[in-house]
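Right, one structure below, let's go through it.
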Amino acid sequence: MATRLARLADSAGGSITCLSHRPRLIAIAILAGRLPIAPAPPEIVLGDPMEIQFTQSRPQSARLVAQVTDKGKVPVGLDKAMTEGMEAARFKGNTGQVFDGFVDRDGQVFRLAIAGAGDAKDDARLANLEKAGAALTAKYQSIGNDELVLDLSDSNLSGEEAASVLFGLRLRNWRYDIYRTKMKDDQKVTLAKVTVVGAPEGTQAAWEDMAHVATGVEFTRELITEPANILYPETFVERCQQRFEGTGAELIVLDEAQMEKLGMGSLLGVGLGSDRESRILAIRWNGGAGDEAPTALVGKGVTFDSGGISIKPGPGMEDMKWDMGGAGAVAGAMLALVGRKAKANVVGVVGLVENMPDGKAQRPGDVVTSMSGQTIEVLNTDAEGRLVLADALHWTQEEFQPARIIDFATLTGAMIIALGNEFAGVFSNDDKLAKDLHDAGEITGDRNWRMPIDRAYDKLINSPIADMKNIGGRAAGSITAAQFLQRFISDDTPWAHVDVAGMVWSDKPGRTWNKGATGYGVRLVDRFVRDTLEK
Ligand code: BES
Ligand code: MN
Ligand code: ZN
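Residue numbers (the numbering used here): 1239 to 1773.
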């Protein structure tokens, strides 16, 4: 009966909710075909954020209730069927484990889910709680219920820990289905709302802050997920203009004519083969002291990378819609910082270009002059990210005199060969900056590992005809790319280049994401800003 009722609740889209005072009779009535099944819950529109609200007592309408438990601890007051079921299912409360059953409380039947959060003393406690939340949404986002009641009344979590569960719940619920017009009802996301009951003190305040970071992650994912016919330099700018409207951030846009005047031959050369105009967008947030030099975030925004005349092979080329992942991370990170009104001065700059083959495209062997005055022999038009960043980095230094620069770029396939999809590569001229980024990565899960840069690699990009060439040999491909960027950084500016080629897109579901765009970088920047700039 329990499972039949469950299926019924599912197919009715949780509609038993409104009839809940006599669920069993009603269920029988529905089974007998005597009562109309209520309409399905309203469809969730695109990446709409999950609504999270707080109440004191469990709502009468609750059809899906979840509790979080530590490893080896069975929540008190559970029905025998639940405790025996947990044992039979070998539920131990391990991180991300979920057990559910149906319980009848005073004639009200609902699904009760128990999510494991692992060992309470684990160093990665917050990450584990995120995983517990994420496991709940992964399991229940499409089962027909529009509301999940998270009952924390009996939990011994702190406010921050409870907010981490919510963070995981919300991040894992994100999907982008706007182009799927023929989805079956049971594929659609139905979960739209989480109601937290008995939240520990401080949960709401912690959550209000973290929700802005979730919004940033979701914005990054949206930008990365959009296909290149929809999201190109101009529309990237437009989306940012919409999202930052009224936030207090200042947006500066450079069009091609302005970039030409500034002498950005390196960036503009990449866009020559595209019908889409290139852009630079700067998003400026001054939340810190008036006299404090900003921290600059710079992103590679190649909205599609066909390789240009050095065209890429066909299979997998569609992945290159996310070659703007660095720019996406910068835009999302800025949205998070601006949203939570970070007490820091930060400017995000993205170089937006489409790399296409065409009669007007640049050729292998062409020599271009960058805004810095340095000349570049373009030996491979597919090594275009560094050409875009060369001018974006130089302009950023001229325009904002930043105290430090962190750039994010899906720069090299070699980065994936080196570190796979677990760590981004960090190349830096500053030990403290590299360490701060590493620490922020360990805390948030946006992990990164330092790679070397050195004069010995730098000479590999000397050119016989210009100041440098845009590729080294096959060896140390990610490092020579970083060396190229360093030639556009003034010596005394602390700088870190984060090669995120392996991080922005995932072929399988992960910690707090489904397969697809991960949102990598937003949490890294947010944590870096909290721990090093806002201290
Ligand atoms: N956007 C690519 C790097 C990339 C490849 C990112 C796969 C994510 C997944 C970059 O523009 C590129 O094409 N790099 C070349 C450099 C080479 C021509 C020196 C590469 O990695 O093959
Ligand atoms: Mn390329
Ligand atoms: Zn590229």
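By construction, the Cβ of each residue, glycine as well, lies at the ideal position given by its N, Cα and C atoms.
Note that the coordinates shown come from a computational prediction; the quantities given were computed from them, not determined experimentally.
Between the beta-carbon of G1511 and the beta-carbon of G1546, is there less than 7 Å?
-> Counted from its first residue, the sequence shown places residue 1511 at position 273. Counted from its first residue, the sequence shown places residue 1546 at position 308. For G1511 and G1546, yes; Cβs fall inside 7 Å.
Close Cβ partners of G1757 (< 6 Å) along its chain, the five nearest in sequence each way excluded | Stepping through the sequence shown from its first residue, residue 1757 is reached at position 519. Excluding sequence neighbours, G1757 sits near V1455, T1458, R1459.
Is T1375 buried or exposed, if buried means 16 or more other CB atoms sit within 10 Å of its CB?
-> The residue given as residue 1375 occupies position 137 in the sequence shown. The residue is buried, with at least 16 neighbouring Cβ atoms inside 10 Å.
Output the residue ranges of the beta strand (DSSP E) runs that lie fully inside the segment 1543-1614 and measure 3 residues or longer, sorted by chain position.
-> Runs of the beta strand (DSSP E) inside the segment 1543-1614: 1583-1593, 1604-1607.
Beta carbon of V1451 nearer than 7 Å to that of A1574 = For the purposes of this step, residue 1451 is identified with residue 213 of the sequence shown, where counting begins at 1. For the purposes of this step, residue 1574 is identified with residue 336 of the sequence shown, where counting begins at 1. Yes.
Looking at V1585 and ligand 3, is the gap between the Cβ and the nearest heavy atom below 6 Å?
-> Within the sequence shown, numbered from 1, the residue matching residue 1585 stands at position 347. Incorrect: V1585 has no Cβ contact closer than 6 Å to ligand 3.
Is E1556 near ligand 2, going by C-beta to nearest heavy atom under 6 Å?
-> For this step, residue 1556 is matched to residue 318 along the sequence shown. Checking the Cβ of E1556 against ligand 2 gives no.
Beta-carbon spacing of A1353, L1367 below 7 Å = Translated into the one-based positions of the sequence shown, residue 1353 becomes position 115. Translated into the one-based positions of the sequence shown, residue 1367 becomes position 129. Going by beta carbons, A1353 and L1367 fall outside the 7 Å limit.
Distance, Cα to Cα, A1755 vs D1684?
-> Against the sequence shown, residue 1755 aligns to sequence position 517. Against the sequence shown, residue 1684 aligns to sequence position 446. Roughly 13 Å separates the two Cα atoms.
Output the distance between the C-alpha atoms of E1498 and L1506, rounded to the nearest integer angstrom.
-> Stepping through the sequence shown from its first residue, residue 1498 is reached at position 260. Stepping through the sequence shown from its first residue, residue 1506 is reached at position 268. Spanning the two alpha carbons is a distance of roughly 8 Å.
Residue range of the alpha helix (DSSP H) that includes D1696 | Within the sequence shown, residue 1696 is the residue found at index 458, counting from 1. Unbroken alpha helix (DSSP H) run through D1696: 1693-1696.
Hey, would you say the C-beta of V1540 is under 6 Å away from at least one heavy atom of ligand 3?
-> The residue you call residue 1540 lines up with position 302 of the sequence shown. Correct: V1540 has its Cβ closer than 6 Å to ligand 3.
Once you ignore the five residues that flank G1501 on each side, which residues in its own chain have a CB closer than 6 Å to its CB?
-> As a working mapping, residue 1501 is identified with position 263 in the sequence shown. Within its own chain, the residues whose Cβ lies closer than 6 Å to the Cβ of G1501, once the five positions on either side in sequence are excluded, are M1609, listed in chain order.
Give a yes or no on contact between the segment 1593-1608 and the segment 1518-1537, applying the rule of three or more CB pairs nearer than 8 Å.
-> Contact fails: fewer than three Cβ-Cβ distances are below 8 Å.
Would you identify the three-state DSSP class for I1717, choosing helix, strand or coil?
-> Indexing the sequence shown from 1 puts residue 1717 at position 479. I1717 falls in the helix class under three-state DSSP.
Following the continuous beta strand (DSSP E) through N1686, name the residue where it begins and the one where it ends.
-> By one-based count along the sequence shown, residue 1686 stands at place 448. Run containing N1686: 1686-1688, per the beta strand (DSSP E) assignment.
Reduced DSSP secondary structure (H/G/I, E/B, other) of F1766 = Within the sequence shown, numbered from 1, the residue matching residue 1766 stands at position 528. Helix at F1766.
If you check the beta carbons only, do V1591 and G1509 fall under 7 Å apart?
-> Position 353 of the sequence shown holds residue 1591. Position 271 of the sequence shown holds residue 1509. Yes, they are a contact pair.
State the Cα-Cα distance for the pair A1641 and K1431, rounded to the nearest angstrom.
-> For the purposes of this step, residue 1641 is taken as the residue at position 403 of the sequence shown. For the purposes of this step, residue 1431 is taken as the residue at position 193 of the sequence shown. If you take the alpha carbons of A1641 and K1431, they lie about 42 Å apart.
Among G1486, R1693, T1682, D1344, which has the Cα closest to the Cα of D1361?
-> Taking the sequence shown and counting its residues from 1, the one referred to as residue 1361 is at position 123. Comparing Cα-Cα distances from D1361 to each of G1486, R1693, T1682, D1344, the minimum goes to T1682.
Alpha carbon to alpha carbon, what distance is there between M1448 and G1440?
-> Along the sequence shown, read from residue 1 onward, the residue named residue 1440 stands at position 202. Along the sequence shown, read from residue 1 onward, the residue named residue 1448 stands at position 210. Each residue's alpha carbon lies about 12 Å from the other.
For the alpha helix (DSSP H) containing A1401, list its first residue and its last residue.
-> Working through the sequence shown from its first residue, we reach residue 1401 at position 163. A1401 -> alpha helix (DSSP H) spans 1397-1411.
Considering N1366, what are the terminal residues of the alpha helix (DSSP H) in which it resides?
-> For the purposes of this step, residue 1366 is taken as residue 128 along the sequence shown, with counting starting at 1. 1363-1378 is the span of the alpha helix (DSSP H), which, as asked, contains N1366.
Delimiting residues of the beta strand (DSSP E) encompassing T1293 = Stepping through the sequence shown from its first residue, residue 1293 is reached at position 55. Looking at the DSSP string, the run of the beta strand (DSSP E) that includes T1293 is 1289-1293.
Cα-Cα, which of N1659, Q1724, T1731 is closest to A1739?
-> By one-based count along the sequence shown, residue 1739 stands at place 501. Selected option, being the one with the closest Cα: N1659.
G1509, DSSP secondary structure in three states = The residue given as residue 1509 occupies position 271 in the sequence shown. Helix, per DSSP.
Contacts around L1390, its chain only, beta-carbon distance under 6 Å, and the 5 residues preceding and following it disregarded = Position 152 of the sequence shown, counting from 1, holds the residue named residue 1390. Its chain contains A1400, G1436, A1437 as the residues whose beta carbon lies nearer than 6 Å to that of L1390, once the 5 sequence neighbours on both sides are disregarded; these appear in chain order.
Under 7 Å, do T1419 and A1466 count as touching if we go by C-beta distance?
-> In the sequence shown, counting from the first residue as 1, residue 1419 sits at position 181. In the sequence shown, counting from the first residue as 1, residue 1466 sits at position 228. No, these two residues do not count as a Cβ contact at 7 Å.
With a cut-off of 8 Å, do at least 3 Cβ pairs link the segment 1569-1587 to the segment 1478-1489?
-> yes
Beta strand (DSSP E) containing R1522: first to last residue?
-> As a working note, residue 1522 is residue 284 in the sequence shown. Residues 1517-1524.
Within the segment 1716-1746, ranges of the beta strand (DSSP E) (whole runs, at least 3 residues) = 1733-1737
CB of D1604 to nearest heavy atom of ligand 2: below 6 Å?
-> Counted from its first residue, the sequence shown places residue 1604 at position 366. No, Cβ of D1604 sits at least 6 Å from all heavy atoms of ligand 2.
Residue closest to G1577, alpha-carbon to alpha-carbon, out of D1557, A1630, I1521 | Indexing the sequence shown from 1 puts residue 1577 at position 339. G1577 has its Cα closest to that of I1521, out of D1557, A1630, I1521.
Beta-carbon contacts of S1380 that lie in its chain and below 8 Å, excluding the five residues immediately before and after = Numbered from 1 along the sequence shown, position 142 holds the residue referred to as residue 1380. Result list for S1380: D1424, Q1425, K1426, V1427, T1428, L1429, in chain order.
Consider the C-beta atom of D1668 and the heavy atoms of ligand 3; say whether any pair is separated by less than 6 Å.
-> For the purposes of this step, residue 1668 is taken as the residue at position 430 of the sequence shown. No, the Cβ of D1668 stays beyond 6 Å of every heavy atom of ligand 3.
R1418 by DSSP, collapsed to three states: which one?
-> As a position in the sequence shown, residue 1418 is number 180, starting the count at 1. It is coil, neither helix nor strand.
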